[in-house]
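*Asks:* Below: one structure in structure tokens.
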Amino acid sequence: MKRPELRKCMKNSLVPGLFFIIPLLFSHCSSDTPDKKIPTGSDTLVTFSEHIAPILFNNCSSCHRPGESGPFSLLSYKDAVTAANKIRFVTETRYMPPWPADPEYTHFIGERKLTQEQIDLIRKWIQQGKLQGDSTKTPGLPEFYTGSFFGKPDLVIRLQKAVFLKGNGNDNFYTVKLPYSIPKDTFVRYFEFVPDKRKLVHHVNGHLIGYNSMRSFDQYKGESVMPDVRNNFKEHFSKMSLSYTDKLQPEFPNLNPNTVYYLPGYIPPVYPENIGGYQLKKEGAILLANIHYGPNNKDLYDSSYVNVFFGPKPQRPIRELQLGTFGVAPIEPALVIAPNEIKTFHSQWQVPEDISLLSVNPHMHLIGKSMLAYALTPSNDTIRIIKINKWNFRWQYYYTFPKMIKIPAGSVIHVFATYDNTAKNPDNPFHPPREISEGEGNESMSTKEEMLQFIFSFLPYQPGDENISLERK
Ligand code: HEC
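With the sequence shown counted from 1, adding 93 to any position gets you this note's numbering.
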């Protein structure tokens, strides 16, 4: 929710001049005057039990329930009535359910979208007085999972010590090392991050440290939790003793990027057995390079952990590349956005061999506005990849295609990203607006600097790839 929008709605709902004021939340965003376009005859009487409960239970309740990420519950008639106007506002603006990718452009696994008909039903329900209807017709709640989506893992990698979250109302960014030691080297099919304080964990971006067992290191040494390292990588990483302890080069071990990823509602993809997977050395660590906690007002400890699911030896390991910041192709022009400017940048990369695209992860920071990615084949065909019409820093999913997308050799992947550095952008971190750029070196990782990254995972193409389903079985 863009807070200023919410606030505006609240303010306008206080109708001055009334004898007493009913502070009806968001009422200007959800006027109760009947909409002429919508028939309100008795044949279309909308009730919670028959029409609204199925929409909310199937699209909202998985997050909006106790202990989950959503800020309030949506499990009953009473819950729905209490939040009715907010629900109408966030569904009409398509802020909820969170799914920034445009489903009219391309489809991904786990897509969340309400149809226009469902959105209209919510509005009608409110206009007709939020009727409950025959409560015996209310469907049961779907079966929700707690903890692991997948069930019992083969291995759990825990924090050495819980992360302390100061209750000071600020966002907190941490870098966390999770060392582990197992009896022998093995293979992993997928990792699952399980948040402890689910209302606070905004997102996690973690890598598997691939220590070379021929060299010396101690994954248990040093700090395991460090505050935001983004301003001083080197110093913080050395405090965490991540490097090898012998004096050979390179000092810093290889990272297998983005093996552990999380944001609310994200469930890791589980590819067919011959696709993907990792080697897990018997001694090693996972580095949550970035774990972002939302603001809270009470001192708390977070003991999130990582579930590990073993699998066969990887046959077709997945590769990952990115265009833009730190990537294989530059941003054109350089990423500098003047104050009060809305500007579009471009990055392009020619695909050297046939590839099969599995997933994409568009990444920008606060003033991102929209992003479009597609490939243009040598025969001038367009292969759609992803379109995000309304960027939201909060919801940066890895989007997995239902089936791999073949991109033939010689195609050019084009990425266009637009930024809004005006004062009108409620997410602008600076008031008045200032020049925002990619920044220098490590600075570019700060949320007040910008980034343009189009991350994608792929395999070298094999005939038939485009027919293999990537849906979780
Ligand atoms: C993937 C998890 C998820 C799903 C699914 C989801 N929500 Fe949310 N919702 C959240 C989170 C987290 C927030 C708070 C952070 C934010 O506003 O971005 C939120 C915020 C909201 C808010 C704003 C609350 C406020 O006061 O700021 C409303 C209203 C809301 N959701 C309603 C819904 C409705 C209605 C649906 C289904 C159509 C839905 N949500 C689906 C996670 C979810």
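For each residue, glycine too, the CB sits at the ideal point set by N, CA and C.
How long is the line joining the alpha carbons of L301 and G461, rounded to whole angstroms?
*Replies:* Distance between the alpha carbons of L301 and G461 is about 29 Å.
*Asks:* Identify whether L214 lies in helix, strand or coil by the three-state DSSP scheme.
*Replies:* Residue state, collapsed to three classes: helix.
*Asks:* In angstroms with no decimal places, state the Cα-to-Cα distance between R477 and M319.
*Replies:* About 40 Å.
*Asks:* What does the alpha-carbon distance come out to for the pair F549 and S449?
*Replies:* Cα to Cα, the separation comes out at about 10 Å.
*Asks:* If you count every other CB in all the chains shown that lies within 10 Å of the CB of F330, and 16 or more means buried, which is it?
*Replies:* Looking at its Cβ environment, which holds 16 or more other Cβ atoms inside 10 Å, F330 is buried.
*Asks:* Quickly, what does DSSP pair K270 with across the bridge? List them, please.
*Replies:* Note: K270 sits in a beta bridge opposite L380.
*Asks:* Quick one: measure Cβ to Cβ for D558 and M497, integer angstroms, because I've assumed they're closer than 8 Å.
*Replies:* Sure, about 5 Å apart at Cβ, within 8 Å.
*Asks:* Within a Cβ cutoff of 6 Å, which residues of the same chain sit near Y313, ignoring the five residues on either side of it in sequence?
*Replies:* So the list reads P272, once near-sequence residues are dropped.
*Asks:* Quick one: is the Cβ of R216 within less than 6 Å of any heavy atom of ligand 1?
*Replies:* No, since every heavy atom of ligand 1 falls outside the 6 Å radius drawn around the Cβ of R216.
*Asks:* In terms of residues, what are the limits of the beta strand (DSSP E) holding E583?
*Replies:* This structure leaves residue 583 out entirely; the chain is present only between 94 and 566.
*Asks:* Verify whether the separation of the beta carbon atoms of P455 and F547 is less than 7 Å.
*Replies:* It is a contact, given that the beta carbons lie within the stated cut-off.
*Asks:* Where in the stretch 471-515 do unbroken runs of the beta strand (DSSP E), each at least 3 residues long, occur, reported from the N-terminal end onward?
*Replies:* Those beta strand (DSSP E) runs which fall completely within the stretch 471-515 and span 3+ residues are 475-481, 492-500, 505-513.
*Asks:* Would you list the one or two residues that DSSP bridges to G303?
*Replies:* Answer by DSSP bridge pairing, in chain order: N347.
*Asks:* Apply the 10 Å Cβ neighbour rule to Y554 and answer buried if 16 or more other Cβ atoms are within range, or exposed otherwise.
*Replies:* Its Cβ being crowded by 16 or more others within 10 Å, Y554 is buried.
*Asks:* Could you name the residues that DSSP lists as bridge partners for Y467?
*Replies:* Answer is R477, H507.
*Asks:* Report whether the distance from the Cβ of R487 to the nearest heavy atom of ligand 1 is below 6 Å.
*Replies:* The answer is yes for R487.
*Asks:* Leaving aside the five residues before and after L545 along the sequence, list all residues of the same chain whose C-beta is less than 7 Å from its C-beta, in chain order.
*Replies:* Same-chain partners within the cutoff: G417, T418, I424, L428, F438, S440, M457, A510.
*Asks:* What are the residues that DSSP puts in a beta bridge with I435?
*Replies:* DSSP, once it has assigned bridges, lists D513 as partnering I435.
*Asks:* Would you identify the three-state DSSP class for D339, choosing helix, strand or coil?
*Replies:* Residue state, collapsed to three classes: coil.
*Asks:* Would you report the Cα separation of Y283 and G315, rounded to the nearest angstrom?
*Replies:* Their Cα atoms are separated by approximately 27 Å.
*Asks:* F242 to Y354, Cα distance in whole Å?
*Replies:* Distance between the alpha carbons of F242 and Y354: 14 Å.
*Asks:* Spatial neighbours of P159 within its chain, please: CB distance less than 8 Å, with the 5 preceding and 5 following residues excluded, ordered by chain position.
*Replies:* Correct list, in chain order: S166.
*Asks:* Just tell me which of P410, I506, P362 has its CA closest to the CA of A422.
*Replies:* Measuring from the Cα of A422, the nearest candidate turns out to be I506.
*Asks:* Pick helix, strand or coil for Q441, following the three-state DSSP scheme.
*Replies:* Here Q441 sits in strand by DSSP.
*Asks:* Sort P190, K206, P191, M189 by Cα distance to E197 and report the nearest one.
*Replies:* Considering only alpha carbons, the answer is K206.
*Asks:* Unbroken alpha helix (DSSP H) runs of length 4 or more, entirely within the stretch 198-265: which are they?
*Replies:* Listed in chain order, they are 209-220.
*Asks:* Could you check the C-alpha separation between S280 and K171 for me, to the nearest Å?
*Replies:* The sequence as given places Phe at residue 280; Ser does not occur at that position. One C-alpha to the other measures close to 48 Å.
*Asks:* Using a 10 Å radius around the Cβ and a threshold of 16 neighbouring Cβ atoms, would you call K129 buried or exposed?
*Replies:* Note that K129 scores 39 on pLDDT, short of 50, meaning its location in the model is unreliable and no value can be drawn from it.
*Asks:* Does the stretch 399-410 come close enough to the stretch 366-376 that 3 or more CB-CB pairs lie under 8 Å?
*Replies:* Yes, since at least three Cβ pairs between the stretch 366-376 and the stretch 399-410 fall closer than 8 Å, the two stretches touch.
*Asks:* May I ask whether a heavy atom of ligand 1 can be found less than 6 Å away from the beta carbon of S169?
*Replies:* False, no ligand heavy atom lies under 6 Å from that Cβ.
*Asks:* If we call anything under 7 Å between Cβ atoms a contact, is I481 one with P193?
*Replies:* A contact, by the Cβ cut-off of 7 Å.
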